[in-house]
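> The structure is given below, and queries will be raised subsequently.
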Amino acid sequence: MTASIEDFLKLDIRVGRIVRAEPFVKARKPAYILTVDFGGEIGEKKSSAQITQNYTPDSLIGRQVLAVVNFPPRQIGPMMSEVLVLGVPDAEGEVVLVAPTAEVTEGGRLY
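Residue numbering for the sequence shown follows UniProt numbering, beginning at 1 and increasing consecutively.
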C-alpha cells in the first residue's frame, strides 16, 4: 500500500521532553507511564511505553522524544494514553526512542 504526502501530513508528530517516568505496575507487559511536555500549545501529555529493556525511569527524565499527538486517546489498562511516543527496534527487537540529534524547541513539528 502506498501512502500519499496528504496521508503523511495528517499525522502531527511533535518533539517533547519527558518530565516524568514511572513504572506502569498494572500493565500486562513491563512498561512506563511517561509524562511528556510539548510546550505551550499542547502542554503535558501521558503515554504508556514498553521501553523497560533499554531505559530506566531516571535515564528518561529530560530526554527529548518524538510522538504522534493527534491520535485519539487510548485506554491502556487503568490509564489513558494521550500520545504515541515513537521508537524503532534494536538488534534484539527492543524499543529505542526516536529523538532529534540536537536540542530543539518543545512542540516543534516534524516535517
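Each residue gets a CB set at the ideal place from its N, CA and C atoms; glycine is no exception.
1. Starting from Ser4, trace the alpha helix (DSSP H) in both directions and tell me its first and last residue.
2. With burial defined as no fewer than 16 other Cβ atoms inside 10 Å of the residue's Cβ, what is the status of Lys26: buried or exposed?
3. With H, G and I counted as helix, E and B as strand and the rest as coil, what does DSSP make of Lys46?
4. Tell me where the alpha helix (DSSP H) around Leu60 begins and ends.
5. Indicate whether the contact test is met: 3 or more Cβ pairs, each with one atom in the region 59-74 and one in the region 5-21, closer than 8 angstroms.
6. Just to confirm before moving on: does the CB-CB distance between Ser48 and Ala31 stay below 7 angstroms?
7. Just to confirm before moving on: does the CB-CB distance between Gly87 and Val98 stay below 7 angstroms?
8. Whose CA, out of Thr56, Gly39, Ile76, lies closest to the CA of Val95?
9. As an exercise, report each continuous alpha helix (DSSP H) stretch of at least 4 residues that is fully enclosed by the UniProt domain "TRNA-binding" (7-111), in chain order.
10. Tell me whether the beta-carbon of Leu65 lies closer than 7 angstroms to the beta-carbon of Asp12.
Once the coordinates are examined:
1. Numbered from its first residue, the sequence shown carries residue 4 at position 4. Run containing Ser4: none; DSSP gives neither H nor E here.
2. By one-based count along the sequence shown, residue 26 stands at place 26. So Lys26 counts as exposed.
3. What you label residue 46 is simply residue 46 of the sequence shown in a count that begins at 1. Lys46 falls in the strand class under three-state DSSP.
4. Counting from one through the sequence shown, the residue named residue 60 turns up at place 60. Unbroken alpha helix (DSSP H) run through Leu60: 57-60.
5. They touch, by the three-pair rule.
6. Your numbering for residue 48 matches position 48 in the sequence shown. Your numbering for residue 31 matches position 31 in the sequence shown. Contact: yes.
7. For the purposes of this step, residue 87 is identified with residue 87 of the sequence shown, where counting begins at 1. For the purposes of this step, residue 98 is identified with residue 98 of the sequence shown, where counting begins at 1. Contact: yes.
8. Taking the sequence shown and counting its residues from 1, the one referred to as residue 95 is at position 95. It is Thr56 whose Cα lies nearest to the Cα of Val95.
9. Segments of the alpha helix (DSSP H) lying fully in the UniProt domain "TRNA-binding" (7-111): 57-60.
10. Along the sequence shown, one-based indexing puts residue 65 at 65. Along the sequence shown, one-based indexing puts residue 12 at 12. For the record, residue 65 in the displayed sequence is Val; it is not Leu. Their beta carbons are not under 7 angstroms apart, which means Val65 does not touch Asp12 by this criterion.
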